[in-house]
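Chains as they are written, first to last, in the UniProt record's numbering: chain A, 1 to 308; chain B, 1 to 308.
In structure tokens form, the structure reads like this:
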């Protein structure tokens with residue numbers, strides 16, 4: 001039995017996976033704030049599998065943790081997980097003595113990419129494009145995660161696709177994240193609300209010009225990211241996930257229209273059949289926690305998962 | 001002994017490589033036009049190694065051919081090599097019976113990427129960015145060429161980085177190739193000359209506004225391609241080659257200034273140290289022919305070279 005956790009900004013998703021890859025238990029709990037509370041969340045989450053989901057915790061052989069921030073490949077240390085109040089934390093070292101099994105830590109988008117790939121059938125190549133507060137992708141090919149040389153593989157959010165576009169928090173103009181990141185959209189929308197991007201879509205449908213511009217920028221940014229992933233890494237498919245994809249078909253319709261417009265203008269783009277290669281991760285998908293479980297169980301994650 | 005040929009639009013570069021990887025003979029000849037003349041060029045080129053470069057042609061064990069156009073992975077057939085007057089040609093089948101050794105064919109940019117990687121020390125990861133009539137890249141990591149799923153890996157030339165940019169021959173606006181491709185620049189410059197891009201640089205230095213705009217677009221396009229390759233594939237280095245790089249330090253100074261401007265604006269971009277990761281392939285480098293020789297000698301090129 002392997003366990004995977006997806007430690008998110010507000011909630012942590014925990015799954016237990018059997019030897020055949022099936023999810024046999026799942027719990028969710030609130031994520032604590034700061035290094036000690038995040039450590040406690042992981043320990044509580046694993047224990048809750050036993051108390052709340054009937055999982056035999058004595059049968060757990062490994063734990064994998066997906067967490068936002070920079071994680072050293074094959075390591076257990078996370079830095080700059082700003083949404084969790086964590087500047088630096090050796091999470092594996094903190095929880096291993098308590099849990100009594102090997103623990104591996106992975107960047108949450110990379111873990112989700114690995115999980116989405118497994119759920120997607122585990123063959124060919126795929127990019128997982130995470131549309132959350134920020135935007136980043138994980139690329140998986142033939143079962144291997146593309147890690148890159150210096151930790152920026154899949155950081156498509158900070159590619160500028162419009163020099164006249166909005167200022168990004170990174171300092172550049174027209175970054176994909178400035179156009180399509182949930183955080184940037186909420187900031188530019190500037191009105192209170194639990195789900196600002198949904199409010200933007202609603203207001204755009206009622207004709208609000210500011211909302212229409214934000215909504216069209218979101219589709220442009222996502223379509224640009226899809227084109228970049230296909231024209232650089234040439235993945236078979238691009239799977240969209242993350243908080244902003246809660247918009248579901250409304251988002252997909254906009255992205256499809258944007259891709260159709262470039263296919264209309266360009267025979268070359270048309271030949272790529274991008275609209276057929278983009279998919280949405282189903283709402284509530286356990287991809288991120290499942291991917292973390294797979295990372296945690298890899299005997300030597302450097303060998304088994306790293307490439308690039 | 002392995003032989004590699006880089007079949008270019010005007011000239012074909014031929015090298016003989018010994019078991020230790022050293023180039024022991026090199027000849028150049030004019031490339032013929034059309035399927036039969038291209039086939040003859042390859043045969044003549046290999047024979048010229050013996051007659052003109054003192055190579056023992058009886059010791060040749062394999063031949064690899066880099067050629068513009070689409071090449072099936074591990075195959076010998078090239079399609080759409082428009083600059084050579086070739087619509088479709090099974091080049092391996094045409095030359096193998098005459099040369100009497102196994103022949104493999106590879107896309108010229110991918111072959112050059114493989115050769116540049118070998119010349120670069122053969123470790124880590126590298127993108128070879130070819131700045132010729134068009135723009136495309138080849139990505140090599142840990143000795144493996146990233147092939148992708150459907151033949152568009154490294155096709156960064158058709159990523160739009162400016163919706164208000166010039167119309168690309170592909171139908172989109174602001175493609176990297178429309179800004180920085182030698183063909184697009186020559187077309188927009190529109191004045192006769194043997195080396196239009198050099199003329200553009202000269203005229204820009206004399207203050208010609210149209211030339212200054214073209215020159216700044218070239219630097220913007222190349223810098224965008226570098227950023228995209230690092231933020232998607234996260235390669236250690238980006239090596240620039242191809243006809244436009246004959247401009248040498250003049251081109252590099254412009255690209256470095258463009259990268260410095262984005263590093264100035266963005267701490268994140270600054271952290272990537274892009275200006276230290278971009279290099280120029282030396283003028284006259286045998287990278288493309290050497291890479292073709294390595295591809296030709298791979299026992300099973302699918303296994304040894306393909307990935308992605």
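Virtual Cβ for every residue (Gly too), placed ideally from N, Cα, C.
- Under DSSP, residue 107 of chain A forms a beta bridge with A:67.
- With distances taken between CA atoms, residue 265 of chain B lies nearest to A:163 out of A:163, A:292, A:296.
- Closer than 7 Å to the CB of residue 231 of chain A there is at least one CB belonging to chain B.
- Counting every other CB atom within 10 Å of its CB across the protein chains shown gives residue 273 of chain A a total below 16, marking it as exposed.
- Residue 146 of chain A sits in a strand when the DSSP states are folded into three classes.
- Taking a 10 Å sphere around the C-beta of residue 222 of chain A, we find 16 or more other C-beta atoms and assign the residue as buried.
- In the pairwise beta carbon analysis, the stretch 225-235 of chain A is classified as not touching the stretch 200-217 of chain A: fewer than three pairs are separated by under 8 Å.
- Between the beta-carbon of residue 28 of chain A and that of residue 295 of chain A there is about 20 Å, and that puts the pair past the 8 Å contact cut.
- Judged by DSSP in its simplified three-state form, residue 152 of chain B adopts coil rather than helix or strand.
- Beta-carbon to beta-carbon, residue 79 of chain B and residue 87 of chain B are separated by about 7 Å, close enough to satisfy the 8 Å threshold.
- Bridge pairing for residue 88 of chain B: B:79 [DSSP].
- Taking all protein chains in view, the Cβ of residue 98 of chain B is surrounded by fewer than 16 other Cβ atoms within 10 Å, so the residue is classified as exposed.
- The residues 81, 83, 108, in chain order, have a CB closer than 6 Å to that of residue 68 of chain B in the same chain once the five nearest residues on each side in sequence are set aside.
- In the DSSP assignment, the residues bridged to residue 28 of chain B are B:13.
- The alpha-carbon of residue 12 of chain B is positioned some 16 Å away from that of residue 23 of chain B.
- Ranked by Cα distance from residue 289 of chain B, the first of B:55, B:50, B:63 is B:63.
- With a threshold of 7 Å between beta carbons, residue 219 of chain B makes no contact with chain A.
- Within the DSSP secondary-structure output, residue 1 of chain B pairs in no beta bridge.
- Residue 48 of chain A and residue 16 of chain A have their C-alpha atoms roughly 11 Å apart.
- Cβ contact annotation for residue 130 of chain B (same chain, cutoff 6 Å, sequence separation greater than five): 109, 136, 241, 242, in chain order.
- Comparing alpha-carbon positions, the option among B:246, B:3, B:255 lying closest to residue 55 of chain B turns out to be B:3.
- The stretch 148-160 of chain A makes contact with the stretch 169-188 of chain A; the number of CB pairs closer than 8 Å reaches 3 or more.
- With a threshold of 16 other beta carbon atoms within 10 Å, residue 134 of chain A meets it and is buried.
- Shown here for residue 41 of chain A: same chain residues with a beta carbon closer than 6 Å to its own, the five before and five after excluded, namely 12, 31, 32 in chain order.
- The Cβ of residue 148 of chain A sits closer than 7 Å to at least one Cβ of chain B.
- Linking residue 192 of chain A to residue 258 of chain A through their CA atoms gives a straight-line distance of about 28 Å.
- In the same chain as residue 25 of chain A, and ignoring 5 residues on each side of it, the C-beta atoms closer than 6 Å to its own belong to 16, 49, 53, 55, in chain order.
- Cβ neighbours of residue 18 of chain A within its own chain (closer than 7 Å, five residues either side excluded): 1, 24.
- Contact between the stretch 268-287 of chain B and the stretch 116-125 of chain B is present: three or more C-beta pairs spanning the two stretches fall below 8 Å.
- Less than 7 Å separates the beta-carbon of residue 6 of chain B from that of residue 292 of chain B.
- Rounded to whole angstroms, the gap between the alpha carbons of residue 251 of chain B and residue 284 of chain B is 16 Å.
- Short of 6 Å from the beta carbon of residue 141 of chain B, and not among the five residues preceding or following it, lie these beta carbons of its own chain, in chain order: 125.
- Taking 7 Å as the CB threshold, residue 62 of chain A stays off the interface with chain B.
- Around residue 260 of chain B, the same chain offers 275 as residues with beta carbons nearer than 8 Å, after the five sequence neighbours per side are excluded.
- With a threshold of 16 other beta carbon atoms within 10 Å, residue 51 of chain A falls short and is exposed.
- What residue 262 of chain B touches in chain A, judged by beta-carbon distance under 9 Å, is 160, 171, 172, going in chain order.
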